[in-house]
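Participant: Going down the list, the sequences are from chains A and B.
Letter by letter, the first sequence follows residues 9 to 278 in the working numbering.
Letter by letter, the second sequence follows residues 9 to 278 in the working numbering.
Every residue gets a Cβ at the ideal spot worked out from N, C-alpha and C, and that includes glycine.
As the structure is a computational prediction, the values presented were derived from the model and not from experiment.
Number of protein chains: 2
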Amino acid sequence: MILINGQERDTIPVDDRGLAYGDGLFRTLVIRGGMPVAWRHHYRKLSHDCAVLGIACPEESVWMEDLIRLSRCEPACVVKITVTRGRGARGYAGPATAQPTRILSTGPIPAYPAGWLKDGVRLHLCRMRLGHQPGLAGVKHLNRLENVLARMEWRDPGTAEGLLLDQEGNVIEGTMSNVFALRAGVLYTPDLGRCGVAGVTRDRIMALAPELALPLQVRNFPLPFLLQAEEVFLCNSVIGVWQVREAGEKTWDRGGLTGTIRRLLDEKND
Amino acid sequence: MILINGQERDTIPVDDRGLAYGDGLFRTLVIRGGMPVAWRHHYRKLSHDCAVLGIACPEESVWMEDLIRLSRCEPACVVKITVTRGRGARGYAGPATAQPTRILSTGPIPAYPAGWLKDGVRLHLCRMRLGHQPGLAGVKHLNRLENVLARMEWRDPGTAEGLLLDQEGNVIEGTMSNVFALRAGVLYTPDLGRCGVAGVTRDRIMALAPELALPLQVRNFPLPFLLQAEEVFLCNSVIGVWQVREAGEKTWDRGGLTGTIRRLLDEKND
């Protein structure tokens with residue numbers, strides 16, 4: 009099912025700035041049992057990202073109305089939410105009275121190999137290096153060519169995800185996920201102040217650190233630091249949490265933290 | 009008039025990757041007297057940019073057929089050409105058999121104030137700094153949020169363009185144009201190997217340098233270097249060439265080179 013500005017349609021005008029310039033942002037979340045999982049986190053992030061781009065974010069009640077319609081038809085699905093600055097004439101200058109375009113489209117919950125959740129995943133080390141743009145860092149905007157080109161680097165269906173470094177060699181994220189590393193009782197996740205997408209599940213995991221009695225460090229670290237970690241895991245709103253079992257020459261045994269975090273996230277689905 | 013894959017339509021499916029990820033590129037050119045100006049340059053650039061993104065560029069004859077249809081209806085107009093990777097399911101991995109989407113849409117030739125061509129323009133110095141991404145530099149792709157945010161920095165209709173530096177302070181380009189500077193008989197234009205769009209008119213001007221007996225240097229230079237130039241001008245396929253008369257505190261008298269280059273470009277419209 010697809011809703012565009014509340015209407016069941018499946019096309020947008022070619023002069024939408026989302027197409028013209030990637031002038032918008034998106035979120036991907038799961039509906040389970042007719043309820044959007046972690047919605048308040050997603051809405052907070054949607055509002056934040058809209059504010060960064062200067063797009064007037066539709067009110068929460070408007071999104072909720074759309075989500076209720078979708079979840080009645082498809083009580084278990086993935087929803088992609090896109091908001092663009094709306095239609096505009098040619099040229100970078102936005103229209104004075106832009107009316108944002110609101111798109112929600114559902115798809116099946118992906119059927120990843122069962123072993124990825126249970127045993128962990130193999131990571132490709134991407135050659136693509138992320139560029140620094142502090143003005144857009146963290147935001148899940150529609151300018152995603154870096155991710156697209158990175159994802160084109162491997163076709164092996166046994167490789168679940170690709171790891172992206174920045175141009176200084178710092179670990180940043182997966183092409184579609186955030187990354188955490190456990191080292192000597194400290195939980196590390198990359199600083200996303202210059203590039204990368206600060207995902208909702210990353211935020212939720214950071215919020216769990218105190219109750220796990222894990223000191224949390226958000227900082228730059230290079231690939232060798234990650235490879236020397238005791239446990240590495242990836243997260244996003246669709247996959248949940250996957251432990252990394254293999255990256256380049258490095259392999260890890262099954263650790264205990266990934267499963268604990270997955271359970272805690274499942275318990276706090278608000 | 010809008011043609012999408014050769015059909016007169018004005019919408020695209022929401023699952024087009026051009027919208028989802030800015031996964032595509034574009035060009036803007038002028039049709040005059042029923043002929044697309046500098047078409048062979050635009051087609052060469054279109055093919056090059058498609059190759060960088062791994063998109064199968066439709067053949068020249070396909071574009072020509074579209075352009076002939078448009079130019080019969082509108083013998084004097086601006087044409088925006090967009091090509092995307094085509095439709096695809098959710099996720100960064102492109103479909104195995106992507107069918108590129110080809111969009112051509114016409115608009116009026118913009119009526120800029122007559123003085124901008126005759127006397128020159130005022131330049132805003134953008135706070136937005138371009139990020140480095142060598143894997144995409146030069147390409148006129150659809151990931152243009154930097155340009156959008158930069159263009160949002162000024163609303164004064166008397167300011168024609170904004171100047172963008174990179175994060176190291178090198179002059180790169182205008183939000184919609186390339187930039188040249190004349191200093192002591194040498195023509196300078198920024199190196200676009202790490203960011204910026206290498207426009208067709210920039211290429212055409214670079215090719216004119218020998219017949220103007222002007223040594224050409226493509227290199228990094230900071231803002232003060234530009235401000236100390238004897239003549240600075242901007243170019244793109246729609247505006248042609250505009251001299252810069254004012255940037256920050258700096259003003260320039262009318263120079264001789266801008267007009268000469270404009271005449272030479274007009275003579276070589278192939």
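Is there a C-beta anywhere in chain A that falls below 7 Å from the one on P230 of chain B?
Facilitator: In the second sequence, counting from the first residue as 1, residue 230 of chain B sits at position 222. No, its Cβ sits nowhere closer than 7 Å to a Cβ of chain A.
Participant: Is H50 of chain B close to chain A? Criterion is C-beta to C-beta, closer than 7 Å.
Facilitator: Residue numbering aside, residue 50 of chain B sits at position 42 when the second sequence is read from its first letter. Answer no: the Cβ-Cβ gap between H50 of chain B and chain A never drops below 7 Å.
Participant: So, helix, strand or coil for C81 of chain B, using DSSP?
Facilitator: Start at 1 with the first residue of the second sequence, and residue 81 of chain B comes out as number 73. The three-state reading of DSSP puts C81 of chain B in helix, counting H, G and I together.
Participant: Would you say Y120 of chain A faces chain B, with C-beta separation under 7 Å as the test?
Facilitator: On the first sequence, residue 120 of chain A is found 112 positions in, with the first residue counted as 1. By this cut-off, Y120 of chain A is not an interface position.
Participant: Counting C-beta neighbours from all protein chains within 10 Å, is the total for I111 of chain A 16 or more, i.e. buried, or is it exposed?
Facilitator: The count along the first sequence starts at 1 and reaches residue 111 of chain A at position 103. Buried, by the Cβ-count rule.
Participant: Considering V249 of chain A, what are the terminal residues of the beta strand (DSSP E) in which it resides?
Facilitator: The residue given as residue 249 of chain A occupies position 241 in the first sequence. V249 of chain A -> beta strand (DSSP E) spans 248 to 255.
Participant: Would you check if the segment 39 to 55 of chain B and the segment 26 to 46 of chain A touch, i.e. whether three or more CB-CB distances between them fall below 8 Å?
Facilitator: no
Participant: Going by the DSSP bridge assignment, what does L75 of chain A pair with across the sheet?
Facilitator: Against the first sequence, residue 75 of chain A aligns to sequence position 67. In the DSSP output, where bridge partners are listed per residue, L75 of chain A has none listed.
Participant: Within the same chain, show all residues whose beta-carbon is closer than 6 Å to that of G207 of chain B, passing over the 5 residues directly before and after it, in chain order.
Facilitator: For the purposes of this step, residue 207 of chain B is taken as residue 199 along the second sequence, with counting starting at 1. Cβ neighbours of G207 of chain B beyond the five flanking positions: N186, N244.
Participant: Taking S113 of chain B as part of the alpha helix (DSSP H), name the residues at either end of that continuous run.
Facilitator: Walking along the second sequence from the start, residue 113 of chain B turns up at place 105. Counting along the chain, S113 of chain B falls outside any alpha helix (DSSP H), though it belongs to the beta strand (DSSP E) covering 109 to 115.
Participant: Can you check DSSP and say which residues form a bridge with C243 of chain B?
Facilitator: Stepping through the second sequence from its first residue, residue 243 of chain B is reached at position 235. C243 of chain B is bridged to B:N186, B:V249.
Participant: Do you know how far the Cα of G128 of chain A is from the Cα of G256 of chain B?
Facilitator: For the purposes of this step, residue 256 of chain B is taken as the residue at position 248 of the second sequence. For the purposes of this step, residue 128 of chain A is taken as the residue at position 120 of the first sequence. If you take the alpha carbons of G256 of chain B and G128 of chain A, they lie about 56 Å apart.
Participant: Under 7 Å between C-beta atoms, does H149 of chain B make it to chain A?
Facilitator: The sequence position of residue 149 of chain B within the second sequence is 141, counting from 1. Cβ-Cβ to chain A under 7 Å: yes for H149 of chain B.
Participant: For L235 of chain A, which three-state DSSP category applies?
Facilitator: For the purposes of this step, residue 235 of chain A is taken as the residue at position 227 of the first sequence. Helix.
Participant: Per the DSSP calculation, L15 of chain A is bridged to which residue(s)?
Facilitator: Walking along the first sequence from the start, residue 15 of chain A turns up at place 7. In the sequence on display, residue 15 of chain A carries Gln and not Leu. According to DSSP, which records beta bridges pairwise, Q15 of chain A is partnered with A:I12.
Participant: Going straight from the alpha carbon of R159 of chain B to that of C81 of chain A, what length do you get?
Facilitator: Along the second sequence, one-based indexing puts residue 159 of chain B at 151. Along the first sequence, one-based indexing puts residue 81 of chain A at 73. Whole-angstrom Cα-Cα distance: 41 Å.
Participant: Taking a contact to mean a Cβ-Cβ separation below 7 Å, would you say G139 of chain A touches H56 of chain B in this structure?
Facilitator: The sequence position of residue 139 of chain A within the first sequence is 131, counting from 1. The sequence position of residue 56 of chain B within the second sequence is 48, counting from 1. No, these two residues do not count as a Cβ contact at 7 Å.
Participant: With a 10 Å radius around its C-beta and 16 neighbouring C-beta atoms as the bar for buried, classify R25 of chain A as buried or exposed.
Facilitator: Reading the first sequence from its first residue, position 17 is the one you call residue 25 of chain A. Per the 10 Å Cβ criterion, buried.
Participant: Do you know how far the Cα of V179 of chain A is from the Cα of Q15 of chain B?
Facilitator: In the second sequence, the residue the question calls residue 15 of chain B occupies position 7. In the first sequence, the residue the question calls residue 179 of chain A occupies position 171. Those two C-alpha atoms are separated by around 45 Å.
Participant: Among A:W71, A:L150, A:L171, which one has its Cα closest to the Cα of A28 of chain A?
Facilitator: Start at 1 with the first residue of the first sequence, and residue 28 of chain A comes out as number 20. Answer by Cα proximity: A:L150.
Participant: Leaving aside the five residues before and after T259 of chain A along the sequence, list all residues of the same chain whose C-beta is less than 8 Å from its C-beta, in chain order.
Facilitator: For the purposes of this step, residue 259 of chain A is identified with residue 251 of the first sequence, where counting begins at 1. So the list reads R253, once near-sequence residues are dropped.
Participant: Kindly indicate which residue of A:R202, A:R163, A:A122 has the alpha-carbon position closest to the one of W250 of chain A.
Facilitator: The sequence position of residue 250 of chain A within the first sequence is 242, counting from 1. Looking at the Cα atoms, A:A122 is the closest of the given residues.
Participant: DSSP has R191 of chain A in a bridge; who is on the other side?
Facilitator: As a first step, residue 191 of chain A is located in the first sequence; it is residue number 183 there, counting from the start. R191 of chain A is bridged to A:V194.
Participant: Leaving out the 5 sequence neighbours to the left and right, which residues in its chain are closer than 6 Å to T197 of chain B when beta-carbon positions are compared?
Facilitator: Position 189 of the second sequence, counted from the first residue, corresponds to residue 197 of chain B. Counting only Cβ-Cβ distances below 6 Å, and skipping sequence neighbours, we find F188, V226.
Participant: Rounded C-beta distance between L231 of chain A and L173 of chain A? I'm assuming under 8 Å.
Facilitator: As a first step, residue 231 of chain A is located in the first sequence; it is residue number 223 there, counting from the start. As a first step, residue 173 of chain A is located in the first sequence; it is residue number 165 there, counting from the start. Sure, about 6 Å apart at Cβ, within 8 Å.
Participant: If I follow the unbroken beta strand (DSSP E) through I39 of chain A, where does it start and stop?
Facilitator: To locate residue 39 of chain A, count along the first sequence from 1; it is residue 31. Per DSSP, I39 of chain A belongs to the beta strand (DSSP E) from 32 to 40.
Participant: So which residues of chain B does E154 of chain A contact, with C-beta pairs closer than 9 Å?
Facilitator: As a first step, residue 154 of chain A must be located in the first sequence, where it is residue number 146. What E154 of chain A touches in chain B: Q141, G143, L144, N151.
Participant: Between which two residues does the beta strand (DSSP E) containing V226 of chain A stretch?
Facilitator: Against the first sequence, residue 226 of chain A aligns to sequence position 218. That run of the beta strand (DSSP E) goes 224 to 227.
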